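Report on one structure; see the data block that follows.
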Amino acid sequence: MTIAAHVTSIFERIGAPVGFDSEGDIVCRTPIDGSELGRLQADSATSVGEKVGRAHAAFEQWRTVPAPTRGAFVRELGNLLREHKDDLGALVTIEAGKILSEGQGEVQEMIDICDLAVGLSRQLHGLTIASERPGHRMMEQWHPLGVVGVISAFNFPVAVWSWNAALAFVCGDSVVWKPSEKTVLTALACRAIADEAARRAGAPEGLLQVVVGAREVGEALVDDPRVPLVSATGSTRMGKEVAPRVAARLGRSLLELGGNNAAIIAPTADLDLAVRGIVFSAVGTAGQRCTSLRRVIVHESVKDELLQRLVAAYETLPIGSPLDSGTLVGPLIDGSAAAGFEKALDQVRSDGGTVLTGGTRAEAVEGGHYVHPAIVDMPEQTEIVRTETFAPLLYVLTYRDLDEAIALHNAVDQGLSSAIFTMDVREAELFVSATGSDCGIANVNIGTSGAEIGGAFGGEKDTGGGRESGSDAWRNYMRRTTNTINYSTELPLAQGVDFG
Ligand code: UN1
-6 MTIAAHVTSI FERIGAPVGF DSEGDIVCRT PIDGSELGRL QADSATSVGE
44 KVGRAHAAFE QWRTVPAPTR GAFVRELGNL LREHKDDLGA LVTIEAGKIL
94 SEGQGEVQEM IDICDLAVGL SRQLHGLTIA SERPGHRMME QWHPLGVVGV
144 ISAFNFPVAV WSWNAALAFV CGDSVVWKPS EKTVLTALAC RAIADEAARR
194 AGAPEGLLQV VVGAREVGEA LVDDPRVPLV SATGSTRMGK EVAPRVAARL
244 GRSLLELGGN NAAIIAPTAD LDLAVRGIVF SAVGTAGQRC TSLRRVIVHE
294 SVKDELLQRL VAAYETLPIG SPLDSGTLVG PLIDGSAAAG FEKALDQVRS
344 DGGTVLTGGT RAEAVEGGHY VHPAIVDMPE QTEIVRTETF APLLYVLTYR
394 DLDEAIALHN AVDQGLSSAI FTMDVREAEL FVSATGSDCG IANVNIGTSG
444 AEIGGAFGGE KDTGGGRESG SDAWRNYMRR TTNTINYSTE LPLAQGVDFG
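Each residue of the sequence shown is one higher than the one before, starting from -6 at the first, in the numbering used here.
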């Protein structure tokens, strides 16, 4: 079966036509062999406006539905995702190029956030606060916010959408989703699944709208005053364009941008764990996660042994079609990603770095852009090391004392994820303390990628400051009201003001 035929049969099982249009200007491709899967019609600024209007009408109904009943819709969504896990996972593999297990893992991440959201639908709570006035009570309520704009990236085409959408739905919001132009098909499959869940749960039509296209489509969404929250995942450059536009109309943005994640390998590190953690984080999804490990900061006493073991592990990595079950490294998303990898390696060489393994093109599947993941030993943290290259390129830096390692660790613009491998409790605690890692995620004895959905996900500095997924991230999708209720017959004023 060709990959295109595989896609058609997946959509048949999901129960929705893909809606290909041979005249369309969006070309859907698979990075596996670069082949065209079909074309789709892009949205225009006008159709984006219409879809925002439909989402807004759905919101006005949805906000009147009790939150636990809204949870029933998300439960249906989670159940349908369970049913279609293999197919949707395979579609992620076909469109984003990640291996089957990671494609399915992404769908599992969606199922998990749906479960979390269903529970939350009975726990959307505010505080009761002591009033300074007799016969008064103060409380907070959290109300639905409105239409949430979600802009997602190619590398997590569905999970990141679901972190936003599952929470937004139980919070009483509707969603207008602009997926990456490289992964439109998975978005259309999710919309079909969400529409079916809404039918089964009796939720209003139009709660999820998908808009597809390039820059002007994103701009129409970002600029629309009916969208109080724009949640955007992608490059720091994209975030720096989106945030001021949203701010110009005093909207809110929730940003999850680039990372330049590092792991410190201390003298007492369990090297078996460290090697496995490093390889998964640096090479998983072919180094195309925002949480991918990009820098190893290793103590000089364990450097030789660590590098020997890492290089040996890298040299046996199975590279190939992500549809083959034995593959661990699939393709990069496109030719420009591969060119970016090669360009970074040229810079590494002129900065005095030594390529220990990889760094060349891999002959895997004709038409795809496959590379041998690279490890490079760097004499210092030059500009290229401080730059996020979205490919499997791992820099090695060496340290003598932990303060120096933490300083190197934090001396980059991004602040998403981080790790330390150590058996020394003082080092571990220092790393996760206020003077340790400056990232939103700081791990001990596990790698930088593969976070669970229960924690808040996101980071500081150029990563954009947003927190999505678990913990109290749901509050982003609601508006807070403070209510003071006077149940006395007097009207005392706060701060003791006397007004006659
Ligand atoms: C991303 O790369 O945008 O922690 C998200 C992880 C995944 C999510 C990554 N759960 O690696």
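Heads up, the beta-carbon is just placed ideally off N, CA and C, and yes, glycines get one too.
Treat the numbers as computed from the prediction; the structure is a model and nothing was measured.
Proximity test, residue i beta-carbon vs the ligand UN1 heavy atom, cut-off 6 Å
| i | result |
| --- | --- |
| N254 | no |
| G443 | yes |
| C283 | yes |
| N148 | yes |
Endpoints, the alpha helix (DSSP H) within which residue i is located
| i | result |
| --- | --- |
| V322 | V322 -> no alpha helix (DSSP H), and no H or E assigned at all. |
| H(-1) | I(-4) to I7 |
| E435 | The sequence given here places Ala at residue 435; Glu does not occur at that position. Run containing A435: none in the alpha helix (DSSP H); it sits in the beta strand (DSSP E), I434 to V437. |
| N476 | Counting along the chain, N476 falls outside any alpha helix (DSSP H), though it belongs to the beta strand (DSSP E) covering M471 to N479. |
| T503 | Residue 503 lies beyond the residue range present for the chain, which begins at -6 and ends at 493; the question has no answer from this structure. |
| E359 | E359 -> no alpha helix (DSSP H), and no H or E assigned at all. |
| V153 | A152 to V163 |
| E99 | L93 to L113 |
| V364 | It is not in any alpha helix (DSSP H) - V364 carries neither H nor E in the DSSP assignment. |
| R419 | V418 to V425 |
| I271 | L264 to V276 |
| E209 | R208 to D216 |
| E29 | Per DSSP, E29 belongs to no alpha helix (DSSP H); it is in the beta strand (DSSP E), E29 to L33. |
| T229 | T229 to A241 |
Endpoints, the beta strand (DSSP E) within which residue i is located
| i | result |
| --- | --- |
| L201 | L201 to V203 |
| L386 | L386 to Y392 |
| S329 | No beta strand (DSSP E) contains S329, which is instead part of the alpha helix (DSSP H) from G328 to S343. |
| R245 | R245 to E249 |
| R22 | I19 to R22 |
| G82 | G82 -> not in any beta strand (DSSP E); alpha helix (DSSP H) instead, spanning K78 to A89. |
Beta bridge counterpart(s) of residue i as assigned by DSSP
| i | result |
| --- | --- |
| K44 | In DSSP, K44 forms no bridge with anything. |
| K296 | None, per the DSSP bridge assignment. |
| Q407 | K454 |
| G142 | V169 and V223 |
| I257 | I290 and I413 |
| M132 | T121 and N476 |
| V369 | V348 and Y388 |
| P61 | Per DSSP, none; premise fails for P61. |
| P10 | DSSP output for P10 lists no bridge partner at all. |
| A449 | S462 |
| C283 | None, per the DSSP bridge assignment. |
| R354 | V364 |
Rounded straight-line distance, which links the Cα of residue j to that of residue i
| i | j | result |
| --- | --- | --- |
| L395 | I368 | 22 Å |
| E125 | T474 | 18 Å |
| L73 | V210 | 29 Å |
| E445 | P137 | 26 Å |
| V437 | I413 | 5 Å |
| R242 | W170 | 20 Å |
| E69 | R193 | 7 Å |
| S294 | G345 | 22 Å |
| G195 | V291 | 56 Å |
| K44 | V204 | 8 Å |
| R468 | P24 | 37 Å |
| R115 | R472 | 17 Å |
| L423 | D431 | 12 Å |
| M371 | L325 | 24 Å |
| T391 | A256 | 12 Å |
| G313 | S285 | 20 Å |
| V215 | V348 | 42 Å |
| Y388 | T380 | 11 Å |
| I92 | P311 | 11 Å |
Spatially closest choice to residue i from the options, by CA coordinates
| i | options | result |
| --- | --- | --- |
| G448 | D491, G457 and S462 | S462 |
| V140 | S224, V304, Q116 and E88 | S224 |
| S228 | A207, A241, G252 and E397 | G252 |
| G119 | N476, C283, A241 and K296 | N476 |
| A50 | T428, G165, Q301 and E422 | G165 |
| V168 | L84, V341 and E53 | E53 |
| L200 | E212, L160 and Q407 | L160 |
| G440 | V268, D406 and E293 | V268 |
| V20 | A9, G206 and K91 | G206 |
| L321 | A487, S94, V378 and G361 | S94 |
| R6 | D79, L30, T39 and R47 | D79 |
| R22 | W156, P127, L349 and E88 | E88 |
| L386 | R287, S155 and A9 | R287 |
| E174 | L33, G98 and I258 | L33 |
| L494 | T1, S37, I104 and G457 | Outside the modelled stretch of the chain, which goes from -6 to 493, sits residue 494, for which no answer is possible. |
| M103 | P127, K91 and H77 | H77 |
| D455 | F13, V405, S246 and A487 | V405 |
| G328 | I186, Y363, L409 and D18 | Y363 |
Residue i beta carbon near the ligand FAD (any heavy atom closer than 6 Å)
| i | result |
| --- | --- |
| R6 | Questions concerning the ligand FAD fall outside what the structure shown contains, since the ligands it does hold are the ligand UN1. |
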